[in-house]
Amino acid sequence: MTNPTIASLRLSSQGIGSKKFNTPEQVVKGLGAVQAQDFGQAVWGVGLRTASAGLPDVELAIAERKIVLTWPMRGTIFMVPAEDVLWMQKLTAPRLQAHDKRKQAELGLDGEILKRCRSLIERALHDGTPVPRPDLMTVLEEDGISTKNGLGNYVLGYLSRNGMLCFGPREGNQQTFVLLEAWVGQLKELTTEEALAELALRYFTGHGPATVQDFAWWTGLSLSEAKRGVESVSNVLQKIKLDNAVYWMSASLPEHQQEQPVVHLLPGFDEYYLGYKARDAVIEPEHDPKIAPYRNGVFQPMIVVDGRIAGVWRREIKRNGVEVTFAPFTLLEERKEDILAAAQGYAKFLGLPLIESDI
Numbered sequence: 001m002t003n004p005t006i007a008s009l010r011l012s013s014q015g016i017g018s019k020k021f022n023t024p025e026q027v028v029k030g031l032g033a034v035q036a037q038d039f040g041q042a043v044w045g046v047g048l049r050t051a052s053a054g055l056p057d058v059e060l061a062i063a064e065r066k067i068v069l070t071w072p073m074r075g076t077i078f079m080v081p082a083e084d085v086l087w088m089q090k091l092t093a094p095r096l097q098a099h100d101k102r103k104q105a106e107l108g109l110d111g112e113i114l115k116r117c118r119s120l121i122e123r124a125l126h127d128g129t130p131v132p133r134p135d136l137m138t139v140l141e142e143d144g145i146s147t148k149n150g151l152g153n154y155v156l157g158y159l160s161r162n163g164m165l166c167f168g169p170r171e172g173n174q175q176t177f178v179l180l181e182a183w184v185g186q187l188k189e190l191t192t193e194e195a196l197a198e199l200a201l202r203y204f205t206g207h208g209p210a211t212v213q214d215f216a217w218w219t220g221l222s223l224s225e226a227k228r229g230v231e232s233v234s235n236v237l238q239k240i241k242l243d244n245a246v247y248w249m250s251a252s253l254p255e256h257q258q259e260q261p262v263v264h265l266l267p268g269f270d271e272y273y274l275g276y277k278a279r280d281a282v283i284e285p286e287h288d289p290k291i292a293p294y295r296n297g298v299f300q301p302m303i304v305v306d307g308r309i310a311g312v313w314r315r316e317i318k319r320n321g322v323e324v325t326f327a328p329f330t331l332l333e334e335r336k337e338d339i340l341a342a343a344q345g346y347a348k349f350l351g352l353p354l355i356e357s358d359i
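Counting in full-length UniProt numbering, the sequence shown runs from 1 upward without gaps.
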């Protein structure tokens, strides 16, 4: 059963409700990190959490190196505060070592080939100019390293997860890569315990109420590590008990705060859904499979009505604007105007006219 209290508090802590962040970089730092496998979805996830940022504002924060896209944890692409990339990766990287060992054996990658890849890519990026992914594949291929069967993509991800690379600004629809340290400049260093405490504080402040199990799932850390992180910042967090479970959240978030009834159109892969191991507080179990109906790891954009995930939606960019279509789980005729108002907000973010469609 969904829990309106948890849902309302999460809308507030995540900046989805009435209390917004001022800038895109504040969103990313406030949540700890923002999942970003799908760039077009991720930028909307950041934009909707600000008072007025449009797509150009989010892209500018990336171009100005305030936000970095990379693999900080769980083998997944996130938007991360630029200066925080390295300590996050050092904290979570050990959990991926077994995966890397299996994957490298599967791809026939040994230490010597990885060393060659690193040297070739470093040379290609040495002057600081962002280089598109296909061009880096060509660099490897021309030196006799096959990039087929996912090997090239794995190498770029591996070098990024281990602090050498990160994504640069996009060139059209094409991803580019840069050398992390040269791109960002000064990178913050933290001890393991400092990093664990800082990530726990950011997660529960920007996602609370959440459980220790949620935090472990989100970071990819072990449950014992997650518990250690929570314990280290428990004096500055608020603990509440709901539905026989212990939740943690910001001490400044009122326990009984309720957001006004409102509709939000959240992107696919949004932190409101994927930021937690257990999602039953915000979506009914019978509707949960509809968020990723093809079981291919692709999560649909969501219609959220008063904190409850009540349907999915999609967009199509056309010559005369953006068309948004809706697939509610149940009839939402009485909220039609609210849904269309949320769609107008999305169109405004893109800087395009809204082509209305029926609900």
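C-beta: ideal position from N, C-alpha, C; glycine also. Keep in mind it's a predicted model, so treat the numbers as computed, not measured.
Secondary structure of Glu-64 (DSSP, three-state): coil.
Boundaries cannot be given for Phe-269, as no alpha helix (DSSP H) includes it and DSSP labels it neither H nor E. Bounds of the beta strand (DSSP E) holding Arg-308 are 308-318. In this structure, DSSP gives Glu-112 a helical state, which the three-state scheme calls helix. In the three-state reduction of the DSSP assignment, His-287 falls in the coil class, being assigned neither a helical nor a strand state.
The alpha-carbon of Leu-331 is positioned some 29 Å away from that of Val-46.
Residue pairing by DSSP places Thr-70 opposite Phe-78 in a beta bridge. In the same chain as Leu-266, and ignoring 5 residues on each side of it, the C-beta atoms closer than 6 Å to its own belong to Tyr-272, Met-302 and Val-304, in chain order. Under DSSP, Lys-239 forms a beta bridge with Trp-248.
Taking Gly-163 as the centre and dropping the five residues before and after it, the same chain places the C-beta of Leu-86, Gln-89 and Leu-180 closer than 7 Å to its C-beta, in chain order. Under the criterion of beta carbons closer than 8 Å, Thr-76 and Gln-41 do not qualify as touching, at roughly 13 Å.
The continuous beta strand (DSSP E) containing Gly-321 extends over residues 321-328. For Val-304, the enclosing beta strand (DSSP E) stretches over residues 302-305. The residues Glu-83, Val-85, Leu-86 and Glu-181, in chain order, have a CB closer than 7 Å to that of Leu-187 in the same chain once the five nearest residues on each side in sequence are set aside. About 18 Å separates the Cβ atoms of Ala-347 and Val-312, ruling out a contact at the 8 Å cut-off.
By the C-beta density criterion, Glu-316 is exposed, having fewer than 16 other C-beta atoms within 10 angstroms. Within the same chain, and ignoring the five residues on either side of Tyr-203 in sequence, the residues whose Cβ sits closer than 6 Å to its Cβ are Gly-32 and Phe-215. Pairing Glu-225 with Val-233, the inter-Cα distance amounts to about 13 Å. The continuous alpha helix (DSSP H) containing Phe-349 extends over residues 336-350. If you check the CB distance, Leu-107 and Tyr-154 come in under 8 Å. Distance from the CA atom of Glu-198 to the CA atom of Thr-191, rounded to whole angstroms, is 10 Å. By the C-beta criterion, the segment 134-148 is judged to be in contact with the segment 116-126, since at least 3 inter-stretch pairs fall below 8 Å. The way I'd put it, the segment 20-35 does touch the segment 56-68; three or more beta-carbon pairs between them come closer than 8 Å. Taking all protein chains in view, the Cβ of Pro-261 is surrounded by fewer than 16 other Cβ atoms within 10 Å, so the residue is classified as exposed.
Counting only runs of 4 or more residues that sit fully inside the segment 24-62, the alpha helix (DSSP H) segments are 24-31 and 39-47, in chain order.
The beta carbon of Thr-325 sits closer than 7 Å to those of Trp-313, Arg-314 and Ser-357, all from its chain and outside the five residues before and after it, given in chain order. When the alpha-carbon of Gly-30 is set against those of Arg-116, Ala-200 and Leu-140, the nearest one is in Ala-200. Taking a contact to require three or more Cβ pairs closer than 8 Å, the segment 5-19 and the segment 238-250 qualify as touching. Around the beta-carbon of His-99, fewer than 16 other beta-carbon atoms lie within 10 Å, marking it exposed. Under the DSSP definition of a beta bridge, Gln-175 lacks any partner. Inclusion of Gly-54 and Gly-351 in the CB contact set at 8 Å is warranted, their separation being smaller than that value. Secondary structure at His-99: helix, using DSSP grouped into helix, strand and coil. The distance from the Cβ of Ala-310 to that of Gln-300 is about 13 Å, inconsistent with a contact at the 8 Å cut-off. Counting the other Cβ atoms within 10 Å of the Cβ of Ser-12 gives 16 or more, which makes it buried. Here Leu-165 has Thr-70, Ile-121, Leu-125, Leu-156, Leu-159, Phe-177, Val-178, Leu-179 and Leu-180 as same chain residues with Cβ atoms under 8 Å from its own Cβ, once five neighbours each way along the sequence are excluded. Ranked by Cα distance from Ile-359, the options Glu-333, Ala-343, Ala-341 and Pro-353 are led by Glu-333.
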